[in-house]
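Okay, structure first, notes after.
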Amino acid sequence: MTQTHANSAAAPATTVEMVNLNVKILRFNPETDKKAHWDTYQVQAQPSDRVLDVLNNIKWYHEPSLIFRRSCGHGICGSDAMLISGRNRLACKTLVRDVAKDGGTITVEPIRGLKVERDLLVDMEPFFDSYKAIMPYFINESPAPAGERYQSELDAERMEHSSNCILCACCTTSCPIFWVNGAYLGPAAIVQAHRFIFDSRDEATHQRLNIMNQNTGVWRCRTAYNCTEACPRDIPITTLIEEVKRAIMFQQS
Amino acid sequence: MYRGREGQWAFLLHRLSGLAILAYLLLHVFSIGSHIFGERFYMAIHETYDLPVFRVGLIFIVAGVVYHAFNGLRIIVMDFTGAGVAYQRQMFYVVLAITVLATAYSAYRLYPRLMGGY
Amino acid sequence: MHHRYDVLVVGAGGAGLMAALYAAKGNVSVACISKLYPTRSHTGAAQGGIGAALGNVAEDHWEWHMFDTVKGGDYLTDQDAAEVFAKDIIDAVYELEHMGLPFSRTPEGKIAQRKFGGHTRDFGKAAVERSCYAKDRTGHMILQTLYQQNVKSGTTFYNEYHVTDLLIENGRCRGVVAYDLASGELHTFHAKAVILAAGGYGKVFKITSNALTLTGDLMSIYYRKGLPLEDMEFYQFHPTGLAKLGILVTEGIRGEGGILRNANGERFMERYAPTIKDLAPRDIVSRSIVTEIREGRGVGLDKDAVHIDLTHLPREVIEGKLAEITDLARTYLGQDPVKDLVAIQPTAHYAMGGIPTDLNGLCLSDGLGGTVEGLYAAGEQACVSLHGANRLGTNSLGDLIVFGRRAGTYAAQYARQVEFADLPDNPLRESEEMFDTLRASKGSDNAATIRKELQESMMNNVGIFRNGPDMERQVGIIQELKARYRNVGVSDPSRRYNSELIEAMELSFMLDCAEAMTSSALNRTESRGAHDREDYRERDDSNWLKHTMAYKDLNNDGNVVIGYKDVALKGFTRAFEPKPRVY
Amino acid sequence: MIRARTFTDARQQSHSNAELNWWIFMRVSGLILVFLVLGHIYMTFIQVSESDATFDAVVAKLSNPAWKFYDWMILFLSLLHGANGARYSIEDYIRSRPNRAWVKTIFYTVIAVVFAFGTIGLISI
Ligand SMILES: Cc1cc2nc3c(=O)[nH]c(=O)nc-3n(C[C@H](O)[C@H](O)[C@H](O)COP(=O)(O)OP(=O)(O)OC[C@H]3O[C@@H](n4cnc5c(N)ncnc54)[C@H](O)[C@@H]3O)c2cc1C
Ligand code: HEM
Ligand code: SF4
Ligand code: F3S
Ligand code: FES
């Protein structure tokens, strides 16, 4: 039964299940458009295709001027975060069958809260600025041993989720606070801070907690959970943010 | 509209209800406190409140307060316990249920007033 | 726009980031140019691990690692490189740990290690735990950690800048030209030393584990200068890619005990590599799988895949140590490794060949010791010839770290000693011409169509099994595609974020890489490592124990001139005689 | 409220625990308010349904010091809680600095006036 999935992708055209889709894309080219507009493309796709395949298909064979970022094609590089059918997702990790049936519509918009440069491509600089603001690097200035620094399996597990982040921005740009308040560092930066705060080998916990303790840090989070729902790496982001909040509280009091 | 799930709506309702109660509170303090200007003034204000809009509004305020209070508890539970985060969705529905029940109850109790004024 | 740096790094994958860190330690100004945001580089996709003889789990020595590398490379590996590598990598892994890399741990708290294909104890006796890993996300952790360190040290990045030309004159590199995707402008980067680390070119194949952006840009640019590409015929097919998609399933899956099975449920690797079975090196496993499929024992509708069986492993191992691929199989195939067999097939994965360098990363201009002053290369795109005819799993991440570090160090050292060399008169000329031609072309041919034909034909004709007639046909196909390429029209006139233009440009790079690869493969009339010829079954040490150097014939387009380079058959302290390669 | 771009920026901005303290205050005051406000509503709207809001009724009830204190606590806590809550919204939605400063000034003034008014009202009965 599982076989059919595996093989639907390239079996001869006669046996392949194809669906008709309307792909509605929010487009904007600053050189020619005053404001964004919707374009709809009618395409055929297999239910097991990635939405990225569908977009590539449109770009390669119908509308070469459609712009979006992509690279790895399997959810590891974090290039192609988009607002697909109402939610932030990676185009390459969303299968057609998850968002549309035969004859259905897939809507694709750029992620929100960052400036749209062209079509689905946004300016990521503010996002990376927030990332850099949390000192996203390991700090331990005491002399290193000849071999590795030891760390228990349990301590290593503390970083299991947070170190898994690919900086795709699905979370930050799904956060209702970030949409209206770009000064909020955002869930992605907090996840990164968590990565170091809870690393038993790191020595800058105090500084990072201080950064998180600002007006623009964890306290802006209103536990809306959009970030957690959007994360393609299944990081329990809200839980991590709450852990950072508590860490600040217990450290400062 | 972003198709967020329970958490997003819980947040939005919490914020709206909080702001609404605050607005109501300001009015409420003003109107109750206005007794220092004498009974005439006080009653004049309260007659305005008698308009149907305000009477129905009262039910909404009750709904808002109950939602805000119980969702506030939900937030506190999430902030201080891991289980709170795990069950936030279920808790949201409980909060909604309590809100609906409390609103229905208060509507029932306020019904005579709604219909007949003082 | 004009920029000036002592050392310029092209590419921000593992190799580029490591090189940038080490160059900066040399007290020179450093900038890194990358066509992707650094954390988008394909190093992040590496899963399994990084091999180093730490001996944390079982006894291990660098000599054993060196031996495995040389034998794995079917004795085409330069043994001096292998020795430097096997020694340095131990230290380099500790260094990564000191940079904060979150490795998985042993119960005592040391870096955890697991088995991997081709890594053995005591010169081939049995499999050994050598691969240091962070779950099955090792590459992701390395890329993130190195980027973090670069943020810490304040490296200047030029992101989404596509390098379009190398400025080389009189045997010295003077900088690069790059196209800024955001503005559509060309920038000149003037530098004393340039380090190339732009990754592989797997996209020339249809089924590949490589990213859409791995199009061999810098290899092709190097080649267009009349400079050689080494060992291009050796391209590794990874045995386990998700069926049809090519998305990689780490070899760690077999390291943890996964078993390959054919349509009859038979553990067929017992027949091909009786000693280490499923843990044989990649070339052998890939060929075994294809043989099974050809003999009709494949699975699936088209019978073009086999199964990997994990169902006998505990759920914790699968969901814990192999979390990444569990997620991939569930997402893309709807198959759950905990209870289902997962359909896999070989996928184009890694270029052993590339820009030839010496042990310090300095680029070679021929097979006789000539060099390009001020130009260094590291990573997948370079060929120090550590991997010879076939790379062992986990040795690429090691290669990035060890040789990225060396390239950075030596480039900085060189930059401190010399003055800036003058730029050529009109540095932008060639790049401008290239873009003008593309923009002006009103041709009707479609880049995507040509690319697709290239990928399919390469897969069929220069894939896992090769033969003379197919490859000769492929040489012709590439020529024809190149002719059609001249007629490709770019319809989008926009300056900013014109990715249609970029994709068209990348296609021309891919065509060059495919050309060098096919001609090198056609020329080598033996079977060795990943290069397997049906018309020349045997390895032929008396004639072919030498590296291929493929040069573009600048006077006669489409013609490839083949030269050779000696294999270093001795390390500094150890040497391993070529022997038949059995596992 | 410049966003920290360097560590020094961050340190400058993070010297106070103000946000943390407000965060804790919101939770503590919320907990207390649950009893105060729900009790208040129950008693005034539901229990004493008919005659609650007449002048005499209010005056009669509030002449008891215990009720005075009860109501004053509601006044104090909910105004502070509400004011800080509204501050969150102001900081989120009003993105230009000068506007934000104006809105905040006016808003805090209103809160202060209402608080004073309510307190006087309570005391003067
Ligand atoms: C799926 C997968 C799994 C793997 N698993 C393992 C493993 O377990 N162990 C192991 O040892 N190896 C593994 N490998 C191999 C190894 O990961 C790669 O060979 C290695 O990461 C390549 O690194 P790199 O730094 O050379 O290039 P990349 O990481 O590919 O980076 C290339 C860089 O060059 C830049 N670039 C490219 N072209 C241009 C241009 N024209 N202008 C400017 N910049 C440019 C890109 O932006 C990018 O930053 C795996 C490979 C894949 C594909
Ligand atoms: C009845 C008991 C109450 C409880 C348990 C309660 C609880 C809370 C909590 C926990 C928060 C913080 C929300 C967060 O950080 O995400 C909050 C916010 C807020 N509260 Fe209350 N509250 C109560 C009553 C009130 C009252 C009476 C008012 C109005 C005067 C009010 C107005 C607000 C406002 C405006 C916010 C800000 C909302 C936001 O920015 O998300 N609350 N409340
Ligand atoms: S936390 Fe998740 S959603 Fe956010 S950037 Fe990282 S991977 Fe993306
Ligand atoms: S969506 Fe935003 S409000 Fe908090 S829980 Fe996530 S950061
Ligand atoms: S293309 Fe890499 S995450 Fe989607």
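Which chain is which? The protein sequence lines are A, B, C and D, in order.
Under the UniProt record's numbering, the first residue of the first sequence is numbered 1, with each subsequent residue one higher.
Under the UniProt record's numbering, the first residue of the second sequence is numbered 1, with each subsequent residue one higher.
Under the UniProt record's numbering, the first residue of the third sequence is numbered 1, with each subsequent residue one higher.
Under the UniProt record's numbering, the first residue of the fourth sequence is numbered 1, with each subsequent residue one higher.
C-beta: ideal position from N, C-alpha, C; glycine also.
Requested in this report: Would you check whether ligand 3 has a heavy atom nearer than 8 Å to the C-beta of A/R233?
Outcome: yes
Query raised in the report: Near C/D566, which residues of its chain fall below 8 Å by C-beta distance, leaving aside the five closest residues on each side in sequence?
Result: G367, K546, H547
Query raised in the report: Taking the alpha-carbon positions, what's the A/A13 to A/R50 distance?
Result: Annotation note: pLDDT 41 at A/A13 (below 50); position unreliable, no value reported.
**Report entry** Length of the line joining the Cα atoms of B/I59 and B/L26
**Finding:** 17 Å
Query raised in the report: Tell me which same chain residues have a C-beta within less than 6 Å of the C-beta of D/A83, skipping the five on either side of it?
Result: Non-local C-beta neighbours of D/A83 in its own chain, meaning closer than 6 Å and more than five positions away in sequence, comprise I111, ordered along the chain.
Query raised in the report: Exposed or buried, which one is D/L62 when buried takes at least 16 other CB atoms within 10 Å?
Result: buried
Query raised in the report: How long is the line joining the alpha carbons of C/L392 and C/T250, rounded to whole angstroms?
Result: 13 Å
**Report entry** Contiguous beta strand (DSSP E) assignments of at least 3 residues, all confined to the region 502 to 552 of chain C
**Finding:** 546 to 552
Query raised in the report: Using Cβ-Cβ distances below 9 Å, what residues of the region 166 to 182 of chain A are close to chain B?
Result: S174, P176, I177, W179
Query - Beta bridge counterpart(s) of A/M82 as assigned by DSSP - result: DSSP lists A/R89 as partners of A/M82.
Query raised in the report: Roughly how many whole angstroms lie between the Cα atoms of C/D340 and D/W22?
Result: When rounded, the distance between both Cα atoms is 52 Å.
Requested in this report: Answer yes or no: do B/G7 and A/A189 have a C-beta to C-beta separation smaller than 9 Å?
Outcome: no
Query raised in the report: Does C/V338 get closer than 9 Å to chain A when you measure Cβ to Cβ?
Result: Not one chain A Cβ lies under 9 Å of C/V338.
Query - CA-to-CA distance, C/F234 to A/L90, given in whole angstroms - result: Each residue's Cα considered, the two are about 34 Å apart.
Query - Where the region 14 to 25 of chain B meets chain D: residues whose CB sits under 8 Å from a CB there - result: R15, G18, L19, I21, L22, L25
Query - Bridge-paired residues (DSSP) for C/E373 - result: C/R172
Query raised in the report: Are at least three pairs of beta-carbons, each pair with one atom in the region 67 to 76 of chain C and one in the region 111 to 127 of chain A, less than 8 Å apart?
Result: no
Requested in this report: Using a Cβ-Cβ cut-off of 9 Å, state whether A/L21 counts as contacting chain C.
Outcome: no
Requested in this report: Thinking B/R3 and A/G186 are a contact (beta carbons under 8 Å), I'd like their distance in whole angstroms, please.
Outcome: B/R3 to A/G186, Cβ: 20 Å. No contact.
Requested in this report: Determine, using beta carbons only, whether D/W22 comes closer than 9 Å to chain A.
Outcome: Chain A contact via Cβ: present.
**Report entry** With 16 other Cβ atoms within 10 Å as the buried cut-off, status of A/Q42
**Finding:** exposed
Query raised in the report: For the region 70 to 84 of chain B, which residues have a beta carbon sitting closer than 9 Å to at least one beta carbon of chain D?
Result: So the close ones are F70, G72, L73, I75, I76, D79, F80.
Query raised in the report: Between C/T138 and ligand 2, is the CB less than 8 Å from at least one heavy atom?
Result: Placement of the Cβ of C/T138 at a distance of 8 Å or more from every heavy atom of ligand 2 is found.
Query - Within chain A, the residues that C/S385 reaches when beta carbons sit closer than 8 Å - result: Under the 8 Å cutoff, chain A gives no residues; its nearest Cβ is about 27 Å from C/S385.
Report task. Give the range of the beta strand (DSSP E) segment to which C/A412 is assigned. Result -> No beta strand (DSSP E) contains C/A412, which is instead part of the alpha helix (DSSP H) from 395 to 417.
**Report entry** Inter-residue spacing [alpha-carbon to alpha-carbon] between C/V317 and A/F68
**Finding:** The C-alpha of A/F68 is placed about 37 Å away from the C-alpha of C/V317.
Query - Nearest-angstrom Cα separation, counted from C/T357 out to C/V462 - result: 25 Å
Query raised in the report: Interface residues of chain A around D/Y93 at Cβ under 8 Å?
Result: V180, N181
Query - Neighbour list for A/R222 in chain B, Cβ cutoff strictly below 8 Å - result: F11, H14, R15
Query raised in the report: Between the C-alpha atoms of A/I248 and B/R74, what's the straight-line distance to the nearest angstrom?
Result: 21 Å
Requested in this report: Identify which residue in D/D92, D/T44, D/I106, D/I90 has its Cα closest to the Cα of D/D71.
Outcome: D/T44
Query raised in the report: Excluding the five sequence neighbours on either side, which residues of its own chain have a C-beta within less than 8 Å of the C-beta of C/L386, listed in chain order?
Result: T69, G73, T77, D78, A81, A82, F85, N395, D399, F403
Requested in this report: In the DSSP assignment, find the beta strand (DSSP E) that holds C/A126 and state where it starts and stops.
Outcome: 126 to 132
Requested in this report: Tell me, to the nearest whole angstrom, how far the beta carbon of C/E160 is from that of C/L181; I am working on the premise that it is less than 8 Å.
Outcome: The C-beta separation of C/E160 from C/L181 comes to about 4 Å, placing the pair in contact by the 8 Å criterion.
Query raised in the report: Is it the case that the Cβ atoms of C/A348 and C/P337 are separated by a distance below 9 Å?
Result: No.
Report task. For D/F80, collect the residues of the same chain with a Cβ closer than 8 Å to its Cβ; drop the 5 residues on either side in sequence, then sort them by chain order. Result -> Note that residue 80 of chain D corresponds to Leu in the displayed sequence, not to Phe. Result list for D/L80: F25, S29, in chain order.
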